[in-house]
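Residue numbers (the UniProt record's numbering): 1 to 283.
A virtual CB, placed ideally from N, CA and C, is assigned to each residue, including glycine.
In what follows, a single structure is set out as C-alpha cells and then discussed.
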Ligand SMILES: Nc1nc2c(ncn2[C@@H]2O[C@H](COP(=O)(O)OP(=O)(O)OP(=O)(O)O)[C@@H](O)[C@H]2O)c(=O)[nH]1
Ligand SMILES: [Mg+2]
C-alpha cells in the first residue's frame, strides 16, 4: 500500500507551509515524507519536491498561448486538466515504491474541490496506483472568527467533502495568529452549539434577519449529523501537528501493515535504543 494526503484549501490558507512542516516533523522522527507540487502557478515553497507540475505545464503556458488565451483562473483549471490528461508524467515521477507517503500540494482555487470533477479524477488515478488517499482541507482560521463566517466556511468544507467523496480532515490553520479572545470564540465553535452560533448571528446584517430560519436549519443540520468538524492547527506547537498526523495516519492506515521508510542516518551511538518503526511520530 502507498499513502497520500491531498492538501487542499482556498488561496493562501497555508497548504505549502503545512507541507513543509509535515516533512520537517517526519524528518525529526527519522521518517521520510515526500511532497509533490501540483500548483502550476506556485511561486514559492520551501520543500524539495519529489515532482513539480510546473515541469509539465506552467500557468504562463496556458495564459500566453495565442490559441488558448486563458486568464489566470481558467488557465489554472486548464493546467490541472492537462495534468490529468497526461497522468503518465505523474505516474513516472511517483515511481512504484511500496509504503511511501506523499503529500500533494494543490492549487488554491476552491472551485477545483467544491464542484469540479478534475481533482476527483486525479484522486481516482492515485487510488488506481495503490494510494490510500486522505483529503486535508485547510482553512485560514482568521476567516472563521464570527458565526456567519464559520457557517460559510463549514458549508465550503461540506461541499468539498460531498464532491470528492474521500476520507477527509478539516483543519483550521494559523491558530498562532489568533488573539486570546478570538481563540476563545473559536473554541466555542469547535464544539458546535448551533444556538451559540445563532446567538452570534442575531445582531447585524440584513441577510441574517431575512434568512434567520434557513441559517438556523443549516446550523442544526450540521450539528445533528456531525457533518463537519475542524481540527485547530498551531504549527508553533509540535504536539498540535503530531496529533493531526496521528489522526490522518489512522485514516489512511499508515503504519498498520507497512514497513515505514526511515532515512539512512548514520548510527551515532551503538548503545542507542533501537527505533520502533511503528512509533510513527514519536509524539
Ligand atoms: N503565522 C502563520 N502564518 C502562516 C501559517 N501557515 C501559512 N502562513 C503564511 O500564510 C501565507 C500563505 O501560506 P502558503 O503556505 O503559501 O499558503 P498556500 O495555501 O500554499 O497558498 P496558495 O498556494 O497561494 O494557495 C504565507 O505568508 C505563510 O507564511 C501559520 O501556521 N502561521
Ligand atoms: Mg501553495
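Residue 138 sits close to residue 13, with the two beta carbons spaced by under 8 Å.
For residue 25, the enclosing alpha helix (DSSP H) starts and ends at 15-28. For residue 158 and residue 128, the gap between their C-alpha atoms comes out near 25 Å.
A straight line joining the alpha-carbon of residue 6 with that of residue 60 spans about 24 Å. Of the candidates 104, 92 and 230, 230 places its Cα closest to the Cα of residue 191. Residues with their Cβ less than 7 Å from any non-hydrogen atom of ligand 2, running along the chain, are 15, 16, 39, 42, 45, 105 and 108. Residue 106 is not bridged by DSSP to any residue. Between residue 108 and residue 40 a beta carbon distance of about 12 Å is seen, past the 8 Å cut, so the two are scored as non-contacting. Residue state for residue 119 is assigned as helix, using DSSP reduced to three classes. With the rule of 3 Cβ pairs closer than 8 Å, the region 23-40 counts as touching the region 88-107.
Burial state of residue 97 is exposed, judged by a 10 Å Cβ sphere holding fewer than 16 other Cβ atoms. In this structure residue 186 is in contact with residue 141, their Cβ atoms being roughly 6 Å apart against a cut-off of 8 Å. Taking the Cβ atoms as the reference, residue 172 lies roughly 5 Å from residue 232, within the contact range of under 8 Å. Residue 253 and residue 73 have their C-alpha atoms some 35 Å from each other.
Between the C-alpha atoms of residue 119 and residue 81 there is a straight-line separation of about 8 Å. Under the criterion of beta carbons closer than 8 Å, residue 8 and residue 106 qualify as touching, at roughly 5 Å.
When only Cα atoms are considered, residue 27 and residue 251 end up about 21 Å apart. Distance from the CA of residue 83 to the CA of residue 175, rounded to the nearest whole angstrom, comes to 33 Å. For residue 41, no alpha helix (DSSP H) run applies, since DSSP gives it neither H nor E.
Distances from the CA of residue 93 to each of 49, 211 and 213 were compared; the closest alpha carbon is that of 49. Residue 54 places its beta carbon less than 8 Å from that of residue 42.
Using a cutoff of 7 Å, the CB of residue 74 does not count as near ligand 1, since none of the ligand's heavy atoms is closer than that.
For residue 68 and residue 16, the gap between their C-alpha atoms comes out near 28 Å. A heavy atom of ligand 1 is found nearer than 7 Å to the CB of residue 176. Comparing C-alpha distances from residue 206 to each of 220, 148, 95 and 218 shows the shortest one belongs to 148. Unbroken alpha helix (DSSP H) runs of no fewer than 4 residues, entirely contained in the region 47-80, are found at 59-64, following chain order. Counting only the Cα atoms, residue 89 lies some 23 Å from residue 70. Bridge pairing for residue 34: 102 [DSSP]. A distance below 8 Å between beta-carbons, with the five flanking residues on each side excluded, links residue 114 to the following residues of its chain, in chain order: 156, 159, 160 and 163.
For residue 247, the shortest separation between its Cβ and any heavy atom of ligand 1 does not lie below 7 Å.
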